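Q: The structure that follows is given in the form of structure tokens.
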């Protein structure tokens with residue numbers, strides 16, 4: 001069994017890469033719950049109110065993290081049942097977002113502590129928890145602030161635009177710094193870092209083939225693909 005998580009900041013291309021890789025591996029994709037998330041727009045409105053001094057904390061920050069945590073664990077439990085699953089985001093950066101919201105004043109201390117306790121308890125309840133909590137491979141997509149903003153504008157969710165809430169500019173810069181720190185300290189599983197500024201795997205066929213070859217080769221070196229599988233997949237992305 002192989003579990004691969006696709007990571008990266010907002011608008012890095014996680015969903016697109018999850019779809020692409022799961023299709024190539026003929027595996028089940030598990031997507032981040034965004035399109036059917038009723039809390040997400042409320043969270044952005046709450047952040048805007050906090051930044052404007054209207055509210056002391058964001059009442060939707062904790063609710064959003066619980067929503068994501070619940071959906072994430074449902075995905076993980078399902079992923080443990082099959083081979084070569086690809087997950088859009090992981091529990092590790094869920095905690096990153098939660099801690100950021102606490103430290104930025106969007107969440108109370110008791111909410112942050114409750115989230116951490118709940119996360120720890122839920123981890124213990126995972127199937128195979130005694131020997132498998134981390135993915136077999138984390139694929140991290142790094143992008144710069146200009147590209148993050150460019151992609152946010154392209155996907156067109158108004159509540160994510162700094163033009164709608166000027167406090168989001170600082171929020172996104174903070175998020176990118178925290179992802180950099182996360183990459184430097186993460187040790188739960190092997191990680192493959194992709195340059196999301198260099199490779200436009202959504203729109204460029206050549207870039208798409210290149211990043212897939214990088215992922216296949218990493219999986220092969222980790223014994224998550226045998227030699228025949230690796231050679232076949234790489235050949236498919238060569239022509």
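In the UniProt record's numbering, the protein residues as written are 1 to 239. Where a beta carbon is used, it is the ideal one built from N, C-alpha and C, also for glycine. Here the structure is a predicted model, which is why all the values come from computation and not from measurement.
#1: Please report the straight-line C-alpha distance between residue 189 and residue 138, rounded to a whole angstrom.
#2: Might you give, ordered along the chain, the residues of its own chain that have their beta carbon closer than 8 Å to the beta carbon of residue 130, omitting 5 neighbours on each side?
#3: May I ask you to check if the CB of residue 26 is nearer than 8 Å to at least one heavy atom of the ligand HEM?
#4: I'd like the span of the alpha helix (DSSP H) that includes residue 86, first residue to last.
#5: In angstroms, rounded to a whole number, what distance separates the CA positions of residue 219 and residue 59?
#6: Hey, how far is the Cα of residue 111 from the Cα of residue 47?
#7: Out of curiosity, what's the CA-to-CA distance linking residue 65 and residue 75?
#8: Name the one or two DSSP bridge partners that residue 195 has.
#9: Which residue wins for smallest C-alpha separation from residue 92, given the options 84, 119, 80 and 85?
#10: Using CA coordinates, which residue listed in 57, 89, 78 and 9 is at the minimum distance from residue 32?
#11: Could you pull the DSSP bridge partners for residue 7 from this structure?
A: Checking against the coordinates, here is how it stands:
#1: What you label residue 189 is simply residue 189 of the chain shown in a count that begins at 1. What you label residue 138 is simply residue 138 of the chain shown in a count that begins at 1. Their Cα atoms are separated by approximately 7 Å.
#2: Here residue 130 corresponds to residue number 130 of the chain shown, with the count starting at 1. Bear in mind that the predicted position of residue 130 carries a pLDDT of just 40, short of 50, making it unreliable; the figure below should be weighed with that in mind. Cβ neighbours of residue 130 beyond the five flanking positions: none.
#3: The ligand HEM is not part of the structure shown, which contains no ligands of any sort.
#4: Counted from its first residue, the chain shown places residue 86 at position 86. Where residue 86 is concerned, there is no enclosing alpha helix (DSSP H), although the beta strand (DSSP E) it sits in stretches over 85–88.
#5: Sequence index remark: in the chain shown, residue 219 carries index 219 (1-based). Sequence index remark: in the chain shown, residue 59 carries index 59 (1-based). The alpha-carbon atoms of residue 219 and residue 59 are separated by roughly 41 Å.
#6: In the chain shown, the residue the question calls residue 111 occupies position 111. In the chain shown, the residue the question calls residue 47 occupies position 47. Rounded to whole angstroms, residue 111 to residue 47 spans 16 Å at the Cα level.
#7: Counting from 1 along the chain shown, the entry for residue 65 is found at position 65. Counting from 1 along the chain shown, the entry for residue 75 is found at position 75. Each residue's Cα considered, the two are about 15 Å apart.
#8: Locating residue 195 in the chain shown gives position 195, counting from the first residue. Note: residue 195 sits in a beta bridge opposite 142.
#9: The count along the chain shown starts at 1 and reaches residue 92 at position 92. Ranking 84, 119, 80 and 85 by Cα distance to residue 92 puts 119 first.
#10: As a working note, residue 32 is residue 32 in the chain shown. Cα-wise, what sits closest to residue 32 is 89.
#11: In the chain shown, counting from the first residue as 1, residue 7 sits at position 7. DSSP output for residue 7 lists 140 as bridge partner(s).
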